[in-house]
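Colleague: Under the numbering used here, think of the first position of the sequence shown as 2, with each following residue one higher.
A virtual CB, placed ideally from N, CA and C, is assigned to each residue, including glycine.
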Amino acid sequence: MEITFNKPKIMQLNITRKCNMTCYHCHVEANPSRTEDITKEVVDKAYAVFKKFGFESLDITGGAPEMSEHLEYIIKLFKNATDDISVRSNLTILLEDGYSKFIEIYKNYGVTVIASVPFYEEKFNDAMRGKGSFEKQIKALNLLNETGIEKINLIYNPNGAYLPPNQDELEKVYKEELVKYSVKFDKLYCIANVPIGRFRKMLERFDEYDEYIELLKENLKEENLKDVMCTTLLNVSHDGKLYDCDFNAAIGLSSSIGSLDEALNLGSLDRVIKTDTHCLACVSGEGSGCFGSIKK
Numbered sequence: 002m003e004i005t006f007n008k009p010k011i012m013q014l015n016i017t018r019k020c021n022m023t024c025y026h027c028h029v030e031a032n033p034s035r036t037e038d039i040t041k042e043v044v045d046k047a048y049a050v051f052k053k054f055g056f057e058s059l060d061i062t063g064g065a066p067e068m069s070e071h072l073e074y075i076i077k078l079f080k081n082a083t084d085d086i087s088v089r090s091n092l093t094i095l096l097e098d099g100y101s102k103f104i105e106i107y108k109n110y111g112v113t114v115i116a117s118v119p120f121y122e123e124k125f126n127d128a129m130r131g132k133g134s135f136e137k138q139i140k141a142l143n144l145l146n147e148t149g150i151e152k153i154n155l156i157y158n159p160n161g162a163y164l165p166p167n168q169d170e171l172e173k174v175y176k177e178e179l180v181k182y183s184v185k186f187d188k189l190y191c192i193a194n195v196p197i198g199r200f201r202k203m204l205e206r207f208d209e210y211d212e213y214i215e216l217l218k219e220n221l222k223e224e225n226l227k228d229v230m231c232t233t234l235l236n237v238s239h240d241g242k243l244y245d246c247d248f249n250a251a252i253g254l255s256s257s258i259g260s261l262d263e264a265l266n267l268g269s270l271d272r273v274i275k276t277d278t279h280c281l282a283c284v285s286g287e288g289s290g291c292f293g294s295i296k297k
């Protein structure tokens with residue numbers, strides 16, 4: 002079945018590959034030594050495309066977006082066009098020197114914080130993100146709560162080659178467990194691990210790649226195709242290149258509209274979505290995407 006873009010709702014801006022962490026499931030393989038960062042010129046062009054085609058919300062991702070030189074500029078600029086701005090944070094960065102300022106920035110500009118907390122138990126969380134990360138995440142979440150950040154959504158990723166459980170049921174468990182640490186949040190997004198980047202390398206290292214692909218195929222549900230996020234999303238890379246989603250960007254699978262410059266000369270963003278094997282992760286089981294399960 003062919004997937005087509007039908008309405009410009011979400012612009013996803015991947016502004017940097019820099020990150021203070023090196024998580025094994027990271028599809029963009031971010032780490033502290035990466036140097037890619039968006040320029041103001043690209044930001045301004047992205048803003049022009051956002052306004053021209055009437056996008057509704059901005060989703061800022063990375064890497065760790067806070068490590069980009071221009072995150073504050075982006076938030077201030079796009080606030081002129083939308084009140085729906087989200088930043089995907091690993092949380093631990095907010096505790097490092099020079100980055101805690103973003104907590105107040107998020108509050109002042111009404112930014113939704115989408116925070117990666119792969120599991121609600123320290124042992125399993127740290128296995129994915131590194132020793133001590135759970136404690137830091139909890140501390141950062143406490144700071145966000147105390148500062149008065151209105152919207153905080155968390156992300157769950159499976160700790161291995163299996164599909165996420167029911168999102169609503171797991172959200173209840175997360176809230177029951179994290180309230181023990183005085184953490185409050187709005188929604189939980191269950192996101193399937195996409196077999197690219199470091200996660201694919203891990204699967205191949207343990208000879209589980211083919212098995213995981215078969216699992217995705219066995220649980221494929223065609224009804225999910227009409228609701229996948231790429232039907233309403235445009236991904237903009239730090240260099241101004243365009244992709245149908247952040248996963249396609251990670252493997253260099255460009256959109257048929259190749260750049261912001263090209264988009265600015267078009268009257269429509271309608272196109273056929275580029276797909277590959279990794280896309281199975283978004284249409285299997287309850288469906289998946291950057292905003293959680295398709296079946297709510």
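1. Whole angstroms are fine: how far does the CA of Glu3 sit from the CA of Lys77?
2. In the DSSP assignment, what are the bridge partners of Thr306?
3. Distance, Cα to Cα, Pro196 vs Phe125?
4. Less than 8 Å between the C-beta atoms of Lys108 and Asn154, yes or no?
5. For Gly130, count the other beta carbons within 10 Å of its own beta carbon; 16 or more makes it buried, fewer makes it exposed. Which is it?
6. Just reading off the beta strand (DSSP E) that Ile150 is part of, what are its end residues?
7. According to DSSP, which residues form a beta bridge with Lys173?
8. Out of Ala128, Glu97 and Val88, which one is the CA nearest neighbour of Tyr110?
9. For Gly64, is the classification buried or exposed, using 16 other Cβ atoms within 10 angstroms of its Cβ as the cut-off for buried?
10. Please name the residue or residues paired with Leu14 in a DSSP beta bridge.
11. In whole angstroms, what separates the C-alpha of Cys24 from that of Tyr210?
12. Would you tell me roughly how many angstroms separate the C-alpha atoms of Thr232 and Ser58, rounded to the nearest one?
13. Quick check on the burial criterion: 16 or more other C-beta atoms within 10 angstroms. Buried or exposed for Ala251?
14. Does the stretch 216-224 come into contact with the stretch 173-186, if we say contact requires no fewer than three beta-carbon pairs (one atom in each stretch) closer than 8 Å?
15. Can you tell me where the alpha helix (DSSP H) with Arg206 in it begins and where it stops?
16. Inspect the beta-carbon positions of Leu142 and Ala162 and report whether they are closer than 8 Å.
17. Using only the alpha-carbon positions, how far apart do Tyr244 and Ala282 sit?
18. Which partner residues does Ile86 have in the DSSP bridge list?
19. What number of angstroms, rounded off, separates the C-alpha of Phe200 from the C-alpha of Pro66?
20. Buried or exposed: where does Asn7 fall if 16 or more other Cβ atoms within 10 Å of its Cβ makes it buried?
21. What three-state label does DSSP hand Cys191 in the structure shown?
22. Can you check which of these residues, Pro165, Lys202, Met203 and Gly198, is closest to Tyr190 by C-alpha distance?
23. Which ranges does the beta strand (DSSP E) cover as unbroken runs of at least 3 residues, wholly within the stretch 84-135, from first to last along the chain?
24. Where do the N-terminal and C-terminal ends of the beta strand (DSSP E) with Ile258 fall, by residue?
25. Helix, strand or coil: how does DSSP classify Asp211 here?
26. Alpha carbon to alpha carbon, what distance is there between Lys53 and Ile274?
27. When you compare the CB positions of Ser238 and Asn15, do they come within less than 8 Å of one another, or not?
28. In three-state terms, what does DSSP make of Leu267?
29. Let me check understanding here. Comparing Cα to Cα, which of Thr93, Glu73, Gly288 and Leu72 lies closest to Ala193?
30. For Asn249, which of His28, Phe292 and Leu204 has the nearest alpha-carbon?
Modeller: For this structure:
1. 37 Å
2. Residue 306 cannot be examined here, being either before or after the span of the chain that is shown, 2 to 297.
3. Looking at the two C-alpha atoms, the distance is approximately 20 Å.
4. no
5. According to the sequence provided, residue 130 is Arg. The question's Gly does not apply to it. Per the 10 Å Cβ criterion, buried.
6. From DSSP, Ile150 is part of no beta strand (DSSP E); its letter is neither H nor E.
7. Here Lys173 is not bridged, per DSSP, to any residue.
8. It is Val88.
9. Label assigned to Gly64: buried.
10. Ile61 and Val237
11. 18 Å
12. 14 Å
13. buried
14. no
15. Gly198 to Arg206
16. no
17. Using only the alpha carbons, I get a separation of about 17 Å.
18. Beta-bridge pairing by DSSP links Ile86 to Leu59.
19. Rounded to the nearest angstrom, the gap between the Cα atoms of Phe200 and Pro66 is 21 Å.
20. exposed
21. Cys191 sits in a strand when the DSSP states are folded into three classes.
22. Pro165
23. Counting only runs of 3 or more, we get 86-90 and 113-117.
24. Ser255 to Ser260
25. Helix at Asp211.
26. So the two alpha carbons sit approximately 21 Å from each other.
27. yes
28. coil
29. Gly288
30. His28
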